[in-house]
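K.L.:
I'd like to ask some things about the structure below.
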Amino acid sequence: MRTDWRNLGQALALTLASAMVWGLAHLVAGRTRTGLALAGAYTVLLGAVFAAATAFRPALLELAVRPNWLTGLILAALAIGFCWSAVIVSSYRLVRPLNLDKVERGIATGVVSLLCVLVVAPMAYAGRLAYVSRDVLLTVFNGGVPLRPDPWARKPRLNVLLVGADAARNRPGARTDSVTVASVDTRTGDTVLFGLPRNLEHVPMPPGPARNAFPWGFSGDGDEATPGLLNEVYQWAEDHPSIVPGAHGDRGMRLLRDTVSGILGLHIDYYAMLDMKGFTQIVNAIGGVTVTIRQDIPYGLEGGVLEAGRRRLDGQQALWFGRSRTDSDDYVRMGRQKCLLNAVAKQADPVAVLRGFERIADATKRYVTTDVPQSMLPALLKLSEKIKKAHIRSLQFVPPLVNTADPDWGLIQREVGKALRPQHPRARHSRAEHPRPRQVPQRSPRPAKGPSSPGTAQSLDSIC
Numbered sequence: 392m393r394t395d396w397r398n399l400g401q402a403l404a405l406t407l408a409s410a411m412v413w414g415l416a417h418l419v420a421g422r423t424r425t426g427l428a429l430a431g432a433y434t435v436l437l438g439a440v441f442a443a444a445t446a447f448r449p450a451l452l453e454l455a456v457r458p459n460w461l462t463g464l465i466l467a468a469l470a471i472g473f474c475w476s477a478v479i480v481s482s483y484r485l486v487r488p489l490n491l492d493k494v495e496r497g498i499a500t501g502v503v504s505l506l507c508v509l510v511v512a513p514m515a516y517a518g519r520l521a522y523v524s525r526d527v528l529l530t531v532f533n534g535g536v537p538l539r540p541d542p543w544a545r546k547p548r549l550n551v552l553l554v555g556a557d558a559a560r561n562r563p564g565a566r567t568d569s570v571t572v573a574s575v576d577t578r579t580g581d582t583v584l585f586g587l588p589r590n591l592e593h594v595p596m597p598p599g600p601a602r603n604a605f606p607w608g609f610s611g612d613g614d615e616a617t618p619g620l621l622n623e624v625y626q627w628a629e630d631h632p633s634i635v636p637g638a639h640g641d642r643g644m645r646l647l648r649d650t651v652s653g654i655l656g657l658h659i660d661y662y663a664m665l666d667m668k669g670f671t672q673i674v675n676a677i678g679g680v681t682v683t684i685r686q687d688i689p690y691g692l693e694g695g696v697l698e699a700g701r702r703r704l705d706g707q708q709a710l711w712f713g714r715s716r717t718d719s720d721d722y723v724r725m726g727r728q729k730c731l732l733n734a735v736a737k738q739a740d741p742v743a744v745l746r747g748f749e750r751i752a753d754a755t756k757r758y759v760t761t762d763v764p765q766s767m768l769p770a771l772l773k774l775s776e777k778i779k780k781a782h783i784r785s786l787q788f789v790p791p792l793v794n795t796a797d798p799d800w801g802l803i804q805r806e807v808g809k810a811l812r813p814q815h816p817r818a819r820h821s822r823a824e825h826p827r828p829r830q831v832p833q834r835s836p837r838p839a840k841g842p843s844s845p846g847t848a849q850s851l852d853s854i855c
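Here the working numbering is used: the first residue of the sequence shown is 392, the next is one more, and so on.
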């Protein structure tokens, strides 16, 4: 005897309802204990997810940068997907009509399978994201040592060296054409970006073999055409291992970090370097970036133009916007780079990041180098929330403030000290929180050339 379609429809409707609220089919079928147990488990699961997404969201984000917790998330996602599918299948088996013919069985199998796919797919995707995140953490960041509960308790400022490297096809090695130090107030998140031009000459070297090799400042190979610029320090160390003894695989960044530290008179806590190829991929992955172009910028080698105005740029266009010096100079380019980085940071909304997550992760693994330890990531993530709401200013050491061919290193350090002073009288920082920058040796006793106008740290919003 054939089962009517109404009974089969009711069975499938009950199965769907049980997929949405565990235990309904079991209660209808008289399996009260099992039904109540499933309903209770489902309530606990929903409560945990809701609490994690609301009350415990900050803690959840911190756990998301811990590889061990990500491993647990992968296993949990797979387990939830398996259990949910088991609930769907068992629910249908309890309420299915008897004596179904071949067509009806095919329909029922198809509907139940579709329901299983619909609940398993999000869990599998969440597990995949957790796996990719864990891979990035293990590839890019070192393990590090356990930290105190509050790593900022005795650290009023965090100084991070941010470097953009350019490895062009027509020359060996890489040049660090973008050098910025982000100095962050760990209490408020207020940040000052100190930009150093790539063409600073005769930069003072840190004590040790580097200073012994260049006692009067870095001069590279001594070629008059390239008198030894700041952007050559990284590759010089890579090509001359003896100048940074004891370094393994990061001697270029170690020498550049110590050199920049001496120039600014600031202790550099960590560094992060991004190859420009990776920047292009990241911008494409988030769907582009919107910037304000102050004047037309020649684009490409075939007469293209990035027209002035508010424009949405893809990765290649954004890279050209940040690198072009045509009809401008290094110092205008430095300003565009700060604005570009600020725009990417502000416009990388969660939906865009999620959509391009795997491409972002791939670019990060291939093109980002850093000495930030894994153990520091939760604290940095919490600090980043403060930075988003705080005041970000930029101070660039460019003409007329600094003569790049004959810099006044003492002036640079004084300007750094002024920029790090509290911005209003009610600020709670004490002088002890902002110690005076340490001095570096001058390369010659002759009087330093001062700027034609004083330097001022400007808000990025006013610049961009």
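Even glycine gets a Cβ: it sits at the ideal position worked out from N, Cα and C.
Going by alpha carbons, who is nearest to residue 525 out of 765, 813 and 788?
P.N.:
Considering only alpha carbons, the answer is 765.
K.L.:
So residue 672 packs on residue 690, CB below 8 Å; how close in whole Å?
P.N.:
Not a contact, Cβ separation roughly 19 Å.
K.L.:
Helix, strand or coil: how does DSSP classify residue 685 here?
P.N.:
The answer is coil: DSSP assigns residue 685 none of H, G, I, E or B.
K.L.:
Give the single residue among 523, 510 and 577 whose Cα lies nearest to the Cα of residue 542.
P.N.:
Out of 523, 510 and 577, 577 has the C-alpha closest to the C-alpha of residue 542.
K.L.:
Which term fits residue 758, buried or exposed, when burial requires 16 or more other beta carbons within 10 angstroms of its beta carbon?
P.N.:
The residue is buried, with at least 16 neighbouring Cβ atoms inside 10 Å.
K.L.:
So, residue 717 versus residue 701, is the Cβ gap smaller than 8 Å?
P.N.:
Not closer than 8 Å, so no.
K.L.:
Check whether the Cβ atoms of residue 625 and residue 596 sit closer than 8 Å, and answer yes or no.
P.N.:
In this structure, residue 596 does not lie closer than 8 Å to residue 625 by Cβ.
K.L.:
Using C-beta distances below 6 Å, list every residue in its chain close to residue 403, excluding the 5 sequence neighbours before and after it, in chain order.
P.N.:
The residues are 502.
K.L.:
Measuring only the C-alpha atoms, how far is residue 855 from residue 677?
P.N.:
Approximately 20 Å, taken between the alpha carbons.
K.L.:
For residue 787, which residues of its own chain have a beta-carbon under 6 Å away from its beta-carbon, when the five flanking residues on both sides are left out?
P.N.:
Contacts found: 586 and 725.
K.L.:
Helix, strand or coil: which one does DSSP assign to residue 783?
P.N.:
DSSP places residue 783 in strand when its eight states are reduced to three.
K.L.:
Which two residues bound the contiguous beta strand (DSSP E) that contains residue 725?
P.N.:
Run containing residue 725: none in the beta strand (DSSP E); it sits in the alpha helix (DSSP H), 721 to 738.
K.L.:
Residue 848 and residue 583 - do their beta-carbons sit closer together than 8 Å?
P.N.:
Cβ atoms of residue 583 and residue 848: closer than 8 Å.
K.L.:
In this structure, does DSSP put residue 675 in helix, strand or coil?
P.N.:
DSSP places residue 675 in helix when its eight states are reduced to three.
K.L.:
Just the Cα atoms here: how many angstroms apart are residue 594 and residue 801?
P.N.:
Distance between the alpha carbons of residue 594 and residue 801: 12 Å.
K.L.:
Do residue 485 and residue 420 have their C-beta atoms within less than 8 Å of each other?
P.N.:
Yes; because the gap between Cβ atoms is below 8 Å, this pair is in contact.
K.L.:
Does the CB of residue 758 have a neighbour CB from chain D at under 8 Å?
P.N.:
Of the protein chains in this structure there is only one, and it is not chain D.
K.L.:
Use the C-beta contact count for residue 472: other C-beta atoms within 10 angstroms, 16 or more gives buried, fewer gives exposed.
P.N.:
With 16 or more other Cβ atoms within 10 Å, it is buried.
K.L.:
Keeping to the same chain, check which residues put their C-beta closer than 8 Å to that of residue 433; ignore five residues upstream and five downstream.
P.N.:
412, 413 and 414, listed in sequence order.
K.L.:
Would you please state the rounded distance, in angstroms, between the beta carbons of residue 527 and residue 752? I believe it to be under 8 Å.
P.N.:
Correct: roughly 5 Å between the Cβ atoms.
K.L.:
Going by the beta-carbon positions, is the gap between residue 651 and residue 642 smaller than 8 Å?
P.N.:
For residue 651 and residue 642, no; Cβs fall outside 8 Å.
K.L.:
Buried or exposed, going by whether 16 or more other CB atoms sit within 10 Å of the CB of residue 490?
P.N.:
Exposed is the call here.
K.L.:
Return the first residue and the last residue of the beta strand (DSSP E) that residue 702 is part of.
P.N.:
Counting along the chain, the beta strand (DSSP E) containing residue 702 begins and ends at 700 to 704.
K.L.:
So, is residue 605 buried or exposed, given that buried needs 16 or more other C-beta atoms within 10 angstroms?
P.N.:
Buried.
K.L.:
What did DSSP end up calling residue 715 once you bin it into helix, strand or coil?
P.N.:
Here residue 715 sits in coil by DSSP.
K.L.:
Name the two residues that bound the continuous beta strand (DSSP E) containing residue 569.
P.N.:
566 to 576 is the extent of the beta strand (DSSP E) around residue 569.
K.L.:
Rounding to the nearest angstrom, what Cα-Cα distance links residue 482 and residue 408 in this structure?
P.N.:
When rounded, the distance between both Cα atoms is 9 Å.
K.L.:
Is residue 761 buried or exposed, if buried means 16 or more other CB atoms sit within 10 Å of its CB?
P.N.:
Result: buried.
K.L.:
Please report how far the alpha carbon of residue 401 lies from the alpha carbon of residue 436, in whole angstroms.
P.N.:
Their Cα atoms are separated by approximately 27 Å.
K.L.:
When DSSP builds the beta bridges, which residues end up paired with residue 457?
P.N.:
Answer is none; residue 457 lacks a bridge partner.
K.L.:
Mind reading off the beta-carbon distance from residue 550 to residue 570? Whole number of angstroms is fine, and I expect it under 8 Å.
P.N.:
Between residue 570 and residue 550 the Cβ distance is about 13 Å, and since that is not below 8 Å, they are no contact.
K.L.:
Terminal residues of the continuous beta strand (DSSP E) containing residue 551?
P.N.:
Element bounds for residue 551: 548 to 557.
K.L.:
Measure the CB-CB distance between residue 714 and residue 622 and report whether it falls below 8 Å.
P.N.:
No, Cβ-Cβ distance for residue 714 and residue 622 is not below 8 Å.
K.L.:
Please name the residue, chosen from 627, 808, 755 and 799, that lies closest to residue 531 on a Cα-to-Cα basis.
P.N.:
The shortest C-alpha separation from residue 531 is found at 755.
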